[in-house]
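Numbering (the numbering used here), first residue to last: 49 to 231. Every residue gets a Cβ at the ideal spot worked out from N, C-alpha and C, and that includes glycine.
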């Protein structure tokens with residue numbers, strides 16, 4: 049199943065996948081058409097940023113600039129449901145959150161998605177698998193968008209909260225969304 053999902057991603061498709069919070073939608077961060085399709089499926093403005101999933105802090109540092117505070121948070125909470133918003137590096141594709149000087153990055157703990165990232169070998173852009181403004185899906189039946197491929201991870205716990213999102217610019221830390229991790 050993972051290899052089929054990787055094939056779809058390499059062809060510019062959108063893959064629905066389970067996470068440690070809810071079901072998400074993933075695309076190749078280097079494929080502009082795939083990212084545009086992701087926004088279209090969600091009914092979301094391209095002005096709204098999406099985060100990326102990476103395999104490790106080492107990989108995260110290729111796409112974002114981590115201050116000491118950001119490094120401390122990553123060491124404490126990754127892998128896990130913490131998204132760190134940090135200044136982007138030049139390696140992050142220009143069209144990915146192009147109106148932003150920052151990028152949201154997360155190292156995930158959920159096995160299906162970890163395996164997908166390993167097999168794909170590169171970061172994935174991700175967002176919840178719902179229409180913008182709708183409730184997050186915790187089962188395949190609740191996914192109302194039409195991805196090109198679906199990894200069925202079974203029913204997820206609907207009590208799961210979204211990831212906590214923390215912006216860290218230098219020594220400044222700001223919580224953008226409170227989730228299940230209290231920073």
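In this structure, how does DSSP classify residue 64 when only helix, strand and coil are distinguished? In this structure, residue 64 counts as strand in the three-state DSSP scheme.
Would you check if there are 3 or more beta carbon pairs closer than 8 Å linking the region 212-229 to the region 104-115? Yes: at least three Cβ pairs fall under 8 Å.
Under the DSSP definition of a beta bridge, which residues are partnered with residue 135? 150, per the DSSP bridge assignment.
Roughly how many whole angstroms lie between the Cα atoms of residue 60 and residue 108? Per the coordinates, the alpha-carbon of residue 60 lies some 22 Å from the alpha-carbon of residue 108.
First and last residue of the uninterrupted alpha helix (DSSP H) at residue 161: Counting along the chain, the alpha helix (DSSP H) containing residue 161 begins and ends at 159-168.
Go ahead and pull the three-state DSSP assignment for residue 74. Under the three-state reduction of DSSP, residue 74 is assigned to strand.
Taking only three categories from DSSP, how would you classify residue 90? Correct three-state label for residue 90: helix.
Do residue 82 and residue 195 have their CB atoms nearer than 7 Å? In this structure, residue 82 lies away from residue 195, with their beta-carbon atoms at least 7 Å apart.
Could you check if residue 124 is buried or exposed, using at least 16 other CB atoms within 10 Å of its CB as the buried criterion? Residue environment: residue 124 is assigned as exposed (fewer than 16 neighbouring CB atoms within 10 Å of its CB, all protein chains considered).
Considering only DSSP beta bridges, list what residue 197 is partnered with. As DSSP reads the structure, residue 197 sits in a beta bridge with 63.
Check whether the Cβ atoms of residue 199 and residue 130 lie closer than 7 Å to each other. Cβ atoms of residue 199 and residue 130: not closer than 7 Å.
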